[in-house]
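To start, the structure under review is shown below, and the notes come after it.
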Amino acid sequence: MKFPDLARYALWLGVAETALENRHEYHMTTTWLPHLLTNTLSLLLPDVFRVFLPARTTVKTQPADDIDALAQTLTTVVRDNDQYVSYVTPLAVGYILSHPRFNIYKGKLAEKRFAGLGLDALPHGSTAFGLTALVMETAEQAYTTFPRQSVLHPLLKWSNDHPALASGIVLAAATLFWETGEYRIHLYELEQRGGNPDQINMQWSLDDTLRDCAANTIGWLLAVLVRRLLS
6 MKFPDLARYA
16 LWLGVAETAL
26 ENRHEYHMTT
36 TWLPHLLTNT
46 LSLLLPDVFR
56 VFLPARTTVK
66 TQPADDIDAL
76 AQTLTTVVRD
86 NDQYVSYVTP
96 LAVGYILSHP
106 RFNIYKGKLA
116 EKRFAGLGLD
126 ALPHGSTAFG
136 LTALVMETAE
146 QAYTTFPRQS
156 VLHPLLKWSN
166 DHPALASGIV
176 LAAATLFWET
186 GEYRIHLYEL
196 EQRGGNPDQI
206 NMQWSLDDTL
216 RDCAANTIGW
226 LLAVLVRRLL
236 S
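This is the structure in C-alpha coordinates:
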(Lines of atoms letter the chains of each structure in order from A and count residues from 1; the text may use other names and numbers.)
(Lines give C-alpha, C1' and ligand atoms only; values in the text may rest on other atoms or scores of the structure.)
Protein backbone atom coordinates (compact mmCIF):
# COMPACT_ATOMS: atom_id res chain seq x y z
CA MET A 1 0.00 0.00 0.00
CA LYS A 2 1.40 3.37 -1.03
CA PHE A 3 1.64 6.49 1.13
CA PRO A 4 -1.05 8.43 -0.84
CA ASP A 5 -3.52 5.63 -0.09
CA LEU A 6 -2.59 5.61 3.60
CA ALA A 7 -3.01 9.39 3.69
CA ARG A 8 -6.50 9.16 2.19
CA TYR A 9 -7.57 6.51 4.68
CA ALA A 10 -6.14 8.52 7.60
CA LEU A 11 -8.05 11.59 6.44
CA TRP A 12 -11.24 9.55 6.18
CA LEU A 13 -10.80 8.36 9.76
CA GLY A 14 -10.39 11.98 10.84
CA VAL A 15 -13.56 12.95 8.97
CA ALA A 16 -15.46 10.01 10.50
CA GLU A 17 -14.30 10.97 14.01
CA THR A 18 -15.35 14.58 13.45
CA ALA A 19 -18.72 13.47 12.12
CA LEU A 20 -19.27 11.29 15.19
CA GLU A 21 -18.34 14.11 17.58
CA ASN A 22 -20.56 16.62 15.76
CA ARG A 23 -23.40 14.13 15.87
CA HIS A 24 -23.03 13.77 19.62
CA GLU A 25 -22.60 17.52 20.13
CA TYR A 26 -25.56 18.79 18.10
CA HIS A 27 -27.83 15.78 17.59
CA MET A 28 -28.72 16.91 14.06
CA THR A 29 -28.09 14.95 10.86
CA THR A 30 -27.08 18.10 8.98
CA THR A 31 -23.98 18.52 11.17
CA TRP A 32 -22.38 15.29 10.03
CA LEU A 33 -24.09 13.22 7.31
CA PRO A 34 -23.64 15.54 4.25
CA HIS A 35 -19.97 16.09 5.12
CA LEU A 36 -19.31 12.41 5.78
CA LEU A 37 -20.89 11.37 2.48
CA THR A 38 -19.11 14.07 0.46
CA ASN A 39 -15.70 13.31 1.91
CA THR A 40 -16.20 9.56 1.69
CA LEU A 41 -16.85 9.91 -2.02
CA SER A 42 -13.91 12.22 -2.68
CA LEU A 43 -11.42 10.32 -0.52
CA LEU A 44 -12.36 6.81 -1.60
CA LEU A 45 -12.97 7.51 -5.29
CA PRO A 46 -9.67 5.91 -6.38
CA ASP A 47 -10.72 2.71 -4.59
CA VAL A 48 -14.11 2.78 -6.31
CA PHE A 49 -12.42 3.11 -9.68
CA ARG A 50 -10.04 0.26 -8.82
CA VAL A 51 -13.13 -1.93 -8.51
CA PHE A 52 -14.87 -0.75 -11.69
CA LEU A 53 -11.69 0.09 -13.64
CA PRO A 54 -9.39 -2.81 -12.77
CA ALA A 55 -5.63 -2.75 -13.28
CA ARG A 56 -5.88 -4.23 -16.76
CA THR A 57 -7.32 -0.89 -17.88
CA THR A 58 -4.28 0.83 -19.37
CA VAL A 59 -3.82 3.99 -21.36
CA LYS A 60 -4.04 3.26 -25.07
CA THR A 61 -2.95 5.36 -28.02
CA GLN A 62 -6.38 5.33 -29.60
CA PRO A 63 -9.43 4.68 -27.38
CA ALA A 64 -12.13 2.57 -28.97
CA ASP A 65 -14.91 5.03 -28.08
CA ASP A 66 -15.89 7.75 -25.62
CA ILE A 67 -16.53 5.22 -22.84
CA ASP A 68 -13.05 3.81 -23.27
CA ALA A 69 -11.61 7.33 -23.35
CA LEU A 70 -13.46 8.24 -20.15
CA ALA A 71 -12.12 5.11 -18.46
CA GLN A 72 -8.58 5.99 -19.51
CA THR A 73 -8.98 9.56 -18.27
CA LEU A 74 -10.29 8.49 -14.87
CA THR A 75 -7.57 5.87 -14.62
CA THR A 76 -4.86 8.46 -15.17
CA VAL A 77 -6.29 11.36 -13.16
CA VAL A 78 -7.87 9.51 -10.24
CA ARG A 79 -7.18 5.79 -9.95
CA ASP A 80 -3.43 5.77 -10.60
CA ASN A 81 -2.63 9.38 -9.71
CA ASP A 82 -0.51 9.70 -6.56
CA GLN A 83 -1.23 13.45 -6.58
CA TYR A 84 -5.00 12.92 -6.28
CA VAL A 85 -4.85 12.95 -2.48
CA SER A 86 -3.45 16.48 -2.55
CA TYR A 87 -6.53 17.67 -4.45
CA VAL A 88 -9.06 16.32 -1.92
CA THR A 89 -7.12 16.84 1.33
CA PRO A 90 -8.27 20.47 1.86
CA LEU A 91 -11.95 19.49 1.74
CA ALA A 92 -11.42 16.81 4.37
CA VAL A 93 -9.29 19.04 6.59
CA GLY A 94 -11.89 21.80 6.26
CA TYR A 95 -14.50 19.55 7.84
CA ILE A 96 -12.12 18.14 10.45
CA LEU A 97 -11.59 21.74 11.62
CA SER A 98 -15.28 21.87 12.57
CA HIS A 99 -14.58 19.38 15.38
CA PRO A 100 -16.25 20.61 18.60
CA ARG A 101 -12.86 20.76 20.37
CA PHE A 102 -11.24 23.11 17.84
CA ASN A 103 -13.97 24.55 15.66
CA ILE A 104 -12.63 27.44 13.55
CA TYR A 105 -16.07 28.31 12.18
CA LYS A 106 -17.64 29.52 15.44
CA GLY A 107 -16.54 30.95 18.76
CA LYS A 108 -13.31 32.81 19.47
CA LEU A 109 -11.36 31.16 16.66
CA ALA A 110 -13.96 32.31 14.13
CA GLU A 111 -13.51 35.92 15.28
CA LYS A 112 -9.83 36.08 14.36
CA ARG A 113 -9.13 38.14 11.23
CA PHE A 114 -6.10 38.40 8.96
CA ALA A 115 -6.36 40.90 6.09
CA GLY A 116 -10.11 40.84 6.59
CA LEU A 117 -10.36 37.05 6.29
CA GLY A 118 -11.00 34.52 9.03
CA LEU A 119 -9.24 31.23 9.72
CA ASP A 120 -11.84 29.48 7.58
CA ALA A 121 -10.31 31.20 4.55
CA LEU A 122 -7.48 28.64 4.71
CA PRO A 123 -9.65 25.54 4.08
CA HIS A 124 -11.85 27.45 1.63
CA GLY A 125 -8.93 28.79 -0.38
CA SER A 126 -7.00 25.52 -0.37
CA THR A 127 -10.10 23.55 -1.36
CA ALA A 128 -10.61 25.93 -4.28
CA PHE A 129 -6.92 25.48 -5.18
CA GLY A 130 -7.29 21.69 -5.16
CA LEU A 131 -10.49 21.68 -7.19
CA THR A 132 -9.03 24.09 -9.75
CA ALA A 133 -5.88 21.99 -10.15
CA LEU A 134 -7.94 18.81 -10.51
CA VAL A 135 -10.22 20.35 -13.13
CA MET A 136 -7.30 21.65 -15.17
CA GLU A 137 -5.47 18.32 -15.06
CA THR A 138 -8.64 16.45 -16.00
CA ALA A 139 -9.33 18.80 -18.90
CA GLU A 140 -5.82 18.36 -20.27
CA GLN A 141 -5.90 14.59 -19.90
CA ALA A 142 -9.37 14.27 -21.43
CA TYR A 143 -8.40 16.40 -24.42
CA THR A 144 -5.38 14.24 -25.18
CA THR A 145 -7.33 11.01 -24.64
CA PHE A 146 -10.73 11.45 -26.30
CA PRO A 147 -10.80 10.78 -30.07
CA ARG A 148 -11.12 13.81 -32.32
CA GLN A 149 -14.37 12.48 -33.77
CA SER A 150 -15.94 12.53 -30.31
CA VAL A 151 -18.94 14.81 -29.89
CA LEU A 152 -17.19 16.14 -26.78
CA HIS A 153 -14.01 17.11 -28.64
CA PRO A 154 -14.95 20.81 -29.19
CA LEU A 155 -15.77 21.28 -25.50
CA LEU A 156 -12.64 19.43 -24.38
CA LYS A 157 -10.49 21.47 -26.76
CA TRP A 158 -11.96 24.72 -25.46
CA SER A 159 -11.42 23.61 -21.84
CA ASN A 160 -7.83 22.65 -22.56
CA ASP A 161 -7.17 25.93 -24.40
CA HIS A 162 -8.77 28.00 -21.63
CA PRO A 163 -7.99 26.12 -18.38
CA ALA A 164 -8.34 29.20 -16.17
CA LEU A 165 -11.78 30.06 -17.47
CA ALA A 166 -12.99 26.45 -17.55
CA SER A 167 -11.85 25.78 -13.98
CA GLY A 168 -13.28 29.13 -12.90
CA ILE A 169 -16.72 28.16 -14.22
CA VAL A 170 -16.59 24.83 -12.39
CA LEU A 171 -15.44 26.54 -9.19
CA ALA A 172 -18.18 29.18 -9.45
CA ALA A 173 -20.82 26.46 -9.87
CA ALA A 174 -19.40 24.49 -6.93
CA THR A 175 -19.31 27.65 -4.79
CA LEU A 176 -22.92 28.48 -5.60
CA PHE A 177 -24.00 24.94 -4.77
CA TRP A 178 -22.00 24.88 -1.52
CA GLU A 179 -23.04 28.30 -0.24
CA THR A 180 -26.70 27.63 -1.07
CA GLY A 181 -26.48 24.37 0.83
CA GLU A 182 -24.86 26.08 3.82
CA TYR A 183 -27.62 28.71 3.86
CA ARG A 184 -30.39 26.10 3.82
CA ILE A 185 -28.70 24.02 6.51
CA HIS A 186 -28.20 27.15 8.61
CA LEU A 187 -31.91 27.96 8.46
CA TYR A 188 -32.87 24.36 9.23
CA GLU A 189 -30.59 24.14 12.25
CA LEU A 190 -31.83 27.49 13.58
CA GLU A 191 -35.39 26.25 13.29
CA GLN A 192 -34.47 23.10 15.21
CA ARG A 193 -32.84 25.13 18.01
CA GLY A 194 -35.38 27.91 18.39
CA GLY A 195 -33.28 30.48 16.55
CA ASN A 196 -30.27 30.23 18.88
CA PRO A 197 -27.07 30.40 16.76
CA ASP A 198 -24.92 29.23 19.70
CA GLN A 199 -26.56 25.81 19.60
CA ILE A 200 -26.04 25.07 15.91
CA ASN A 201 -23.01 24.03 13.88
CA MET A 202 -23.60 25.74 10.53
CA GLN A 203 -22.79 29.43 10.84
CA TRP A 204 -23.87 31.54 7.85
CA SER A 205 -24.04 35.23 7.03
CA LEU A 206 -23.75 37.36 3.92
CA ASP A 207 -20.40 38.74 5.10
CA ASP A 208 -19.14 35.21 5.67
CA THR A 209 -20.29 34.18 2.20
CA LEU A 210 -18.46 37.11 0.61
CA ARG A 211 -15.29 36.20 2.51
CA ASP A 212 -15.65 32.58 1.37
CA CYS A 213 -15.97 33.73 -2.24
CA ALA A 214 -12.89 35.92 -1.83
CA ALA A 215 -10.91 32.98 -0.39
CA ASN A 216 -12.08 30.75 -3.24
CA THR A 217 -11.00 33.35 -5.77
CA ILE A 218 -7.55 33.58 -4.19
CA GLY A 219 -7.23 29.79 -4.28
CA TRP A 220 -8.26 29.73 -7.94
CA LEU A 221 -5.78 32.46 -8.87
CA LEU A 222 -2.93 30.69 -7.09
CA ALA A 223 -3.72 27.39 -8.82
CA VAL A 224 -3.80 29.06 -12.23
CA LEU A 225 -0.52 30.85 -11.47
CA VAL A 226 1.21 27.66 -10.32
CA ARG A 227 0.08 25.82 -13.46
CA ARG A 228 1.43 28.58 -15.70
CA LEU A 229 4.74 28.62 -13.84
CA LEU A 230 5.12 24.85 -14.15
CA SER A 231 4.00 24.59 -17.77
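Start counting the sequence shown at 6; every next residue gets the next number (our numbering).
For each residue, glycine too, the CB sits at the ideal point set by N, CA and C.
The secondary-structure analysis by DSSP pairs Leu170 with nothing; it has no beta-bridge partner. Secondary structure of Phe57 (DSSP, three-state): helix. Only residues of its own chain outside the window of five on either side were considered, and among them Leu102, Ala115, Leu124 and Asp125 have a CB closer than 7 Å to the CB of Ile109, listed in chain order. Residue nearest to Ala97 within the set Leu127, Leu234 and Val231 is Leu127 (criterion: CA-CA distance). Nearest in C-alpha terms to Asp73, of all of Ala21, Gly112 and Ala147, is Ala147. Arg189 is classed as exposed because its beta carbon has fewer than 16 other beta carbons within 10 Å across all chains shown.
By the Cβ criterion, the stretch 127–144 is in contact with the stretch 209–227, since at least three pairs of Cβ atoms, one from each stretch, lie closer than 8 Å. Below 8 Å, enough C-beta pairs join the stretch 12–30 and the stretch 44–53 to call them touching: three or more. With a threshold of 16 other beta carbon atoms within 10 Å, Arg13 meets it and is buried. By the CB criterion at 9 Å, Leu58 and Arg84 fall inside the cutoff. The three-state reading of DSSP puts Leu160 in helix, counting H, G and I together. Straight-line spacing of the CA atoms in Trp37 and Lys113 works out to 22 Å. In terms of Cα proximity to Arg118, the closest of Asp212, Arg232, Met6 and Leu16 is Asp212. Cβ contact annotation for Leu176 (same chain, cutoff 7 Å, sequence separation greater than five): Ala133, Leu136, Thr137, Asn221 and Trp225, in chain order. The criterion of a C-beta distance shorter than 9 Å is satisfied by Asp10 and Val90. Straight across, the Cα-Cα distance linking Ser155 with His191 is about 43 Å. The C-beta of Gly200 has fewer than 16 other C-beta atoms within 10 Å across all chains shown, which makes the residue exposed. Taking the Cα of Asp71 as reference, the smallest distance to any Cα among His129, Leu161, Leu25 and Leu50 is reached at Leu161. In the displayed model, Leu122 falls within a strand according to three-state DSSP. When secondary structure is reduced to three states using DSSP, Met141 falls in the helix class. According to the DSSP assignment, Ser91 belongs to the alpha helix (DSSP H) that extends over Tyr89 to Ile101.
The C-beta separation of Val82 from Glu142 comes to about 6 Å, placing the pair in contact by the 8 Å criterion.
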